[in-house]
Structures are given as C-alpha cells and as structure tokens.
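Take a look at the structure below.
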Amino acid sequence: MKKNPKVSVIMSEYNTPVEKLDLLSKFDIQQVFQQNEIDAVLHFAASKSVNESVKNPLKYYKNNISSMVNLLEVMKDFNVKKFIFSSSAAVYGSTAQQPISELVDTQAMNPYGQTKVIGEDFLNDLYISDNEWSIAVLRYFNPIGAHESGLLGEQPNGTPNNLMPLITQVASKKRRLLYVFGNDYNTIDGTGVRDYIHVVDLAKGHVSAVQKLFSTHGLHTYNLGTGEGYSVLEIINTFEKVNNVDIAYKIVDRRAGDPPICFANPTKAKEELGWSAERTLEDMCRDSWQWEKTLENIILPN
Ligand code: UDP
Numbered sequence: 000m001k002k003n004p005k006v007s008v009i010m011s012e013y014n015t016p017v018e019k020l021d022l023l024s025k026f027d028i029q030q031v032f033q034q035n036e037i038d039a040v041l042h043f044a045a046s047k048s049v050n051e052s053v054k055n056p057l058k059y060y061k062n063n064i065s066s067m068v069n070l071l072e073v074m075k076d077f078n079v080k081k082f083i084f085s086s087s088a089a090v091y092g093s094t095a096q097q098p099i100s101e102l103v104d105t106q107a108m109n110p111y112g113q114t115k116v117i118g119e120d121f122l123n124d125l126y127i128s129d130n131e132w133s134i135a136v137l138r139y140f141n142p143i144g145a146h147e148s149g150l151l152g153e154q155p156n157g158t159p160n161n162l163m164p165l166i167t168q169v170a171s172k173k174r175r176l177l178y179v180f181g182n183d184y185n186t187i188d189g190t191g192v193r194d195y196i197h198v199v200d201l202a203k204g205h206v207s208a209v210q211k212l213f214s215t216h217g218l219h220t221y222n223l224g225t226g227e228g229y230s231v232l233e234i235i236n237t238f239e240k241v242n243n244v245d246i247a248y249k250i251v252d253r254r255a256g257d258p259p260i261c262f263a264n265p266t267k268a269k270e271e272l273g274w275s276a277e278r279t280l281e282d283m284c285r286d287s288w289q290w291e292k293t294l295e296n297i298i299l300p301n
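Sequential numbering of the sequence shown, starting at 0, is according to numbering that gives the first Met the number 0.
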C-alpha cells in the first residue's frame, strides 16, 4: 500500500516506531492500523487547557471527542478492543466529598472537563453495546515532575497555566513572579489544595492498567492520585527547600472555577491494579527543577 505523506514514521531512540498523525483523519488512523499489529491503545491525545476550553469550546469538542470517535471506530473495524482513556479529576468538578472516590457523581465545570465526562460516557455506552471491550478509564489528579534522568519532561505550548511549570519558570528567572490564586480558601493556609502525582508514578499506573486489560474484560475506572493534598504555598516552600532556590510570588484573586480542595481516594487502584504512587512531593519538586534546567536554553516571553 502507498504511504500517506501525512503520516510520518520515525524510529525512537529505543527502536520503537513513532507515527505522527492527526486523529481527526480517520483515513490516517486506518493506515496505522493496517501497517502495524496493534493489541491495545492508550489514548493520550487531547487538548487540556481549562481556560482555552472556555474561550474555544469548539476546538475542545473537536479535538477531544471527534478524534476519539474516529479512533474507536477504527479500533472496532480492526477488532482491537483494549482501550485506556486519559480522563481527569476535572470530571468531579467542585465536590465537597474529599477525598474523592470513583463513586462520586461527575459534574464537570468547564468544556475541558465536559469532554472528559462525555468521553467516559461514550466508553460506557460502547461497553454496554459490546462486552468484548476491555476499557480502563484513568482519572489523573495533578501530574507534575519529569523523568528522574532530566531528559524527559513537558514543554508547555506558550504560557503555561499549570502551577508547576510556572514555578520552575520563576525559579529559572524566565518569569518574574508567580501569581498565587487566592489565600482565603478554607484550607490549611488559605491557598488551593491539590493531589500532585509524579508523572513516572502516573506512567506506571498505565502499565498496571494495561496488564489488567489483558487479564479481564469490562470497563474499570480508577483515580490516579497519591491520596495526599498539598496547598500552593506548601508546594512553593517544598520546591524552595529541595532545590535551594527562591520563588517570588504574589497573592492575587481566586481564579474563576477553581475548586478549593481536590484530592483522590486511590484505594481502588491499589486493590485492583496493585498500583500506588511511590514518589514524594520532594521527588516531584526535584525532578521538575532538573527538567527545567534541561530546557534552560529556551527563553519564553514574560
Ligand atoms: N495556581 C496558582 N497560580 C497559578 C496556577 C495555579 O495559584 O499560576 C493554583 C490553582 O489555583 C490550584 C493549583 O495551583 O489551586 C493547581 O492549579 P493547576 O492549574 O496546576 O491545576 P488544576 O488543579 O487547576 O487542574
């Protein structure tokens, strides 16, 4: 078959083929399935900025939902029925039930979160229609950190919205100040509390979930978090201490739509997947800083 020029294939350092394509093109997905033997799909590709999703919901529904419909249709056609979905704690909205278990009702507060709720509902309907599917829905809490080698991490597009990349950019003087959104919440020090999880622990959660898919059918939903909540000021203080750097910050108004507290009950993942997060907040702060230093030659506008 003729190669599609829109699908570029490169070999990674570990000899793994990497095919770059747009999931909005069903044709391109079909090509990848035709040319490779695929047993399971881990679906990470999506847009993820809450702010942007409020301003441009069409982009989010197209990128996060239409693409997923294409992918699942092709999977069905090729009889590949093992699927891992990157969902989010954003599906819980602003619930008073903390820690949050998977049984708490979903009630997203913005288009981004809504695309994750729809993605989950969609998978649920798919499974009801055909019990041969084996699906894991993984609800990520707040992933931060980078690979401990300092060679693998995230490079946000433009100005980041998330706390940790902003902290590392202030530490490296790419940014002058960190704005802390509100210190009048009913939390330990008034700042927002979240469940931060090291990306390597998160990645290992996926490995455990894939193993689960190969041993059982069904649709299983898991929180991937540590079960510990930390405030923004606790993150700043730990980052400063572990890395021996200063983070200049200023308290400003609350960010619209931010829940005061959000942390996971991760018991189900521990019991059913044998997985739990092992890395500490200190590890996350150290590895995030290590990665920022790798990126140091990239200067971003303030
Ligand atoms: N936050 C902050 N300043 C920033 C970005 C985030 O104070 O510039 C706070 C935010 O209000 C929340 C926490 O840091 O309490 C984590 O925010 P993030 O955007 O990283 O993740 P979210 O939990 O909103 O998905």
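Cβ coordinates follow ideal geometry from the N, Cα and C atoms, glycine included.
(request) Could you tell me which of 129, 199, 186 sits nearest to residue 274, measuring between CA atoms? (result) For the purposes of this step, residue 274 is identified with residue 275 of the sequence shown, where counting begins at 1. Taking only the C-alpha atoms, the option nearest residue 274 is 199.
(request) Starting from the Cα of residue 256, find the closest Cα among 34, 93, 35 and give me that residue. (result) If you number the sequence shown from 1, residue 256 lands on position 257. Checked all of 34, 93, 35; the closest Cα to residue 256 is 93.
(request) Jot down the residue ranges of each uninterrupted beta strand (DSSP E) in the stretch 222-273, minimum 3 residues, whole runs only, in chain order. (result) 248-251
(message) For a test of the three-state rule: what should DSSP assign to residue 136, helix, strand or coil?
(response) Locating residue 136 in the sequence shown gives position 137, where the first residue counts as 1. It is a strand residue.
(message) Less than 8 Å between the C-beta atoms of residue 368 and residue 174, yes or no?
(response) Outside the shown range of the chain, which is 0 to 301, sits residue 368, and nothing can be said about it.
(request) Kindly indicate the opening and closing residues of the beta strand (DSSP E) around residue 148. (result) On the sequence shown, position 149 is the one that residue 148 refers to. Counting along the chain, residue 148 falls outside any beta strand (DSSP E), and DSSP gives it neither H nor E.
(request) Examine the ligand UDP and report whether any of its heavy atoms sits within less than 7 Å of the Cβ of residue 231. (result) As a first step, residue 231 must be located in the sequence shown, where it is residue number 232. Yes, Cβ of residue 231 sits closer than 7 Å to a heavy atom of the ligand UDP.
(request) Would you mind reading off the limits of the beta strand (DSSP E) that contains residue 40? (result) On the sequence shown, residue 40 is found 41 positions in, with the first residue counted as 1. Looking at the DSSP string, the run of the beta strand (DSSP E) that includes residue 40 is 40-42.
(message) Shorter than 7 Å, the distance from the beta carbon of residue 111 to the closest heavy atom of the ligand UDP, or not?
(response) For this step, residue 111 is matched to residue 112 along the sequence shown. No; taking the cut-off as 7 Å, the Cβ of residue 111 has no heavy atom of the ligand UDP nearer than that.
(request) Please indicate yes or no: does the CB of residue 141 lie closer than 7 Å to some heavy atom of the ligand UDP? (result) Position 142 of the sequence shown, counted from the first residue, corresponds to residue 141. Checking every heavy atom of the ligand UDP against the Cβ of residue 141, one is found closer than 7 Å.
(request) Count the other C-beta atoms from every protein chain shown that fall within 10 angstroms of the C-beta of residue 168, then say buried if there are 16 or more, exposed otherwise. (result) Here the question's residue 168 lines up with position 169 in the sequence shown. So residue 168 ends up on the buried side.
(request) State buried or exposed for residue 170, treating a residue as buried only when at least 16 other CB atoms are found within 10 Å of its CB. (result) Here the question's residue 170 lines up with position 171 in the sequence shown. Flag for residue 170 reads buried.
(request) Measuring alpha carbon to alpha carbon, tell me which of 279, 164, 113 ends up nearest residue 224. (result) Indexing the sequence shown from 1 puts residue 224 at position 225. Nearest of 279, 164, 113 to residue 224, Cα basis: 279.
(message) Looking at residue 191: is its Cβ nearer than 8 Å to the Cβ of residue 259?
(response) Within the sequence shown, numbered from 1, the residue matching residue 191 stands at position 192. Within the sequence shown, numbered from 1, the residue matching residue 259 stands at position 260. Yes, the Cβ-Cβ distance between residue 191 and residue 259 is below 8 Å.
(request) Using only alpha-carbon positions, find the residue among 42, 133, 23, 18 that is nearest to residue 34. (result) On the sequence shown, position 35 is the one that residue 34 refers to. If we check each option's Cα against that of residue 34, 18 comes out closest.
(request) Kindly indicate which three-state DSSP category residue 275 falls into: helix, strand or coil? (result) Here residue 275 corresponds to residue number 276 of the sequence shown, with the count starting at 1. Note: residue 275 maps to coil in three-state DSSP.
(request) Can you tell me which of 242, 113, 26 puts its alpha carbon nearest to the alpha carbon of residue 282? (result) Taking the sequence shown and counting its residues from 1, one reaches residue 282 at position 283. Among 242, 113, 26, the Cα nearest to that of residue 282 is on 242.
(message) Pull the bridge partners of residue 178 from the DSSP assignment, please.
(response) Numbered from 1 along the sequence shown, position 179 holds the residue referred to as residue 178. 249, per the DSSP bridge assignment.
(message) According to DSSP, is residue 184 part of a helix, a strand, or is it coil?
(response) The residue given as residue 184 occupies position 185 in the sequence shown. Correct three-state label for residue 184: coil.
(message) Whether or not the stretch 117-134 and the stretch 143-158 are in contact is what I'm after, with contact meaning three or more pairs of Cβ atoms, one per stretch, closer than 8 Å; do they touch?
(response) no
(request) Go through its chain and collect everything with a Cβ distance to residue 49's Cβ below 8 Å, but skip five positions before and after it. (result) Along the sequence shown, one-based indexing puts residue 49 at 50. Contacts found: 89, 109, 111, 112, 160, 256.
(request) Return the residue from the list 217, 147, 229 that minimises the CA-CA distance to residue 128. (result) For the purposes of this step, residue 128 is identified with residue 129 of the sequence shown, where counting begins at 1. It is 217 whose Cα lies nearest to the Cα of residue 128.
(message) Less than 8 Å between the beta carbons of residue 139 and residue 195, yes or no?
(response) Sequence index remark: in the sequence shown, residue 139 carries index 140 (1-based). Sequence index remark: in the sequence shown, residue 195 carries index 196 (1-based). Taking 8 Å as the Cβ cut-off, residue 139 and residue 195 do not qualify as a contacting pair.
(request) Put residue 83 into one of helix, strand or coil per three-state DSSP. (result) Counted from its first residue, the sequence shown places residue 83 at position 84. Strand at residue 83.
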